[in-house]
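Structure first, commentary second.
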Amino acid sequence: MRPRSALSLVFACLASWGILLAQKPFHDYVGETPTEVKVGEVPLPPDWDVPAEWTRGRLKYDAVGILHPDAHTGWMGWATDYPQGDRHFQEGLRRLTLINATSVEHVAELDGSDDIYNWPFLYAVEPGHWHLFEDEADQLRDYLDRGGFLMTDDFHGTNEWENFMKNLQKVIGSRPVEDLANSDPIFHVLYDLDKRTQIPGKQFLGSGRPYEFDGFEPKWRAIRDERGRIIVAICHNMDISDAIEHSNDPEYPEEWANMAYRIATNYVVYDLTH
0 MRPRSALSLV FACLASWGIL LAQKPFHDYV GETPTEVKVG EVPLPPDWDV
50 PAEWTRGRLK YDAVGILHPD AHTGWMGWAT DYPQGDRHFQ EGLRRLTLIN
100 ATSVEHVAEL DGSDDIYNWP FLYAVEPGHW HLFEDEADQL RDYLDRGGFL
150 MTDDFHGTNE WENFMKNLQK VIGSRPVEDL ANSDPIFHVL YDLDKRTQIP
200 GKQFLGSGRP YEFDGFEPKW RAIRDERGRI IVAICHNMDI SDAIEHSNDP
250 EYPEEWANMA YRIATNYVVY DLTH
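If you count the sequence shown from 1, position 170 lands on 169 in numbering that gives the first Met the number 0, and the numbers rise without skipping.
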């Protein structure tokens, strides 16, 4: 299903976000990503500085101490699959929808400035390792209360879930986390996603396992505001960001890459139309 007419609401939603606040200039963190990503390995798109009406914010956060022995020293969880995953998604969004998106992401921080309020959609990768200080949690709560949307992805198993929730509860308080039904509008706003599958990261090509740690079952979860609108979309025991990052790798299964794009695109359109 592709109800493009619904996308006519996108521009009104973007306009209603409010007066543009103190917006930081684009900064490319390529040189500060994990060691497997080298400086200059992911060049900037030629139109990286062309203004557009929508950009995905990549949430930058501090990581807690190592939760798993395979995480290397100096690892920065927020930068996993950055920036190639972000730029592949921005390109896909422009091809699959009428959303006027930039070709690059914007790295956003909960630093007390107004910058984060310019990005109505935040994407947090590896939040099983995040640590939110109280002032950061307060600002993230304020961001969500103002109508912001947070999508979390690429964390697995019991240990990461517990650390994720320990920090998220500083933000949401007693708001419940619910498992999403197949009938939820977020799965049907653009694509009908009744038959979702667990989307593994590239590690599957070596391990043959679609899961990591004890994250055997994919969980599609969410937190809603008082009006019933999803404000935090939680993708647990799956790796959508990795699937999109490696979507141009002939060894990575096409069906999982396609599903990853559809899920992420549905979440963006839901945010802009609800």
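Here a beta-carbon is modelled for each residue, glycine too, at the ideal position from N, C-alpha and C.
Worksheet item: Grouping DSSP H, G and I as helix and E and B as strand, with all else coil, what is histidine 105?
Response: strand
Item to complete: Return the chain-ordered list of same chain residues with a C-beta closer than 6 Å to the C-beta of histidine 130, the five sequence neighbours on each side being excluded.
Response: Asp61 and Val63
Worksheet item: How many angstroms separate the CA atom of aspartate 144 from the CA atom of aspartate 238?
Response: 27 Å
Worksheet item: Would you report the Cα separation of methionine 258 and arginine 195, rounded to the nearest angstrom?
Response: 7 Å
Worksheet item: When DSSP labels each residue in this structure, what does alanine 100 get in the three-state scheme?
Response: strand
Discussion item. With a threshold of 8 Å between beta-carbons, can asparagine 162 be considered close to chain C, or not?
Written reply: Absent here is chain C; the protein component of the structure consists of one chain.
Worksheet item: Taking just the CA atoms, how far does lysine 59 sit from valine 106?
Response: 6 Å
Item to complete: Just the C-alpha distance for valine 103 and alanine 263, rounded to the nearest angstrom, thanks.
Response: 16 Å
Worksheet item: Just to confirm, are asparagine 117 and tryptophan 53 a CB contact at a threshold of 8 Å?
Response: no
Discussion item. By the three-class DSSP mapping on this structure, what secondary structure does leucine 189 have?
Written reply: coil
Worksheet item: Looking at the structure shown, is tyrosine 269 part of a helix, part of a strand, or coil, going by DSSP?
Response: helix
Discussion item. Just to confirm the assignment, what range does the beta strand (DSSP E) spanning histidine 235 have?
Written reply: 229-235
Worksheet item: With distances taken from CA atoms, which of Met75, His128, Asp110 and Glu40 is nearest arginine 86?
Response: Glu40
Discussion item. Could you compute how far the alpha carbon of threonine 304 sits from the alpha carbon of leucine 167?
Written reply: Outside the displayed span of the chain (0 to 273) sits residue 304, for which this structure offers no information.
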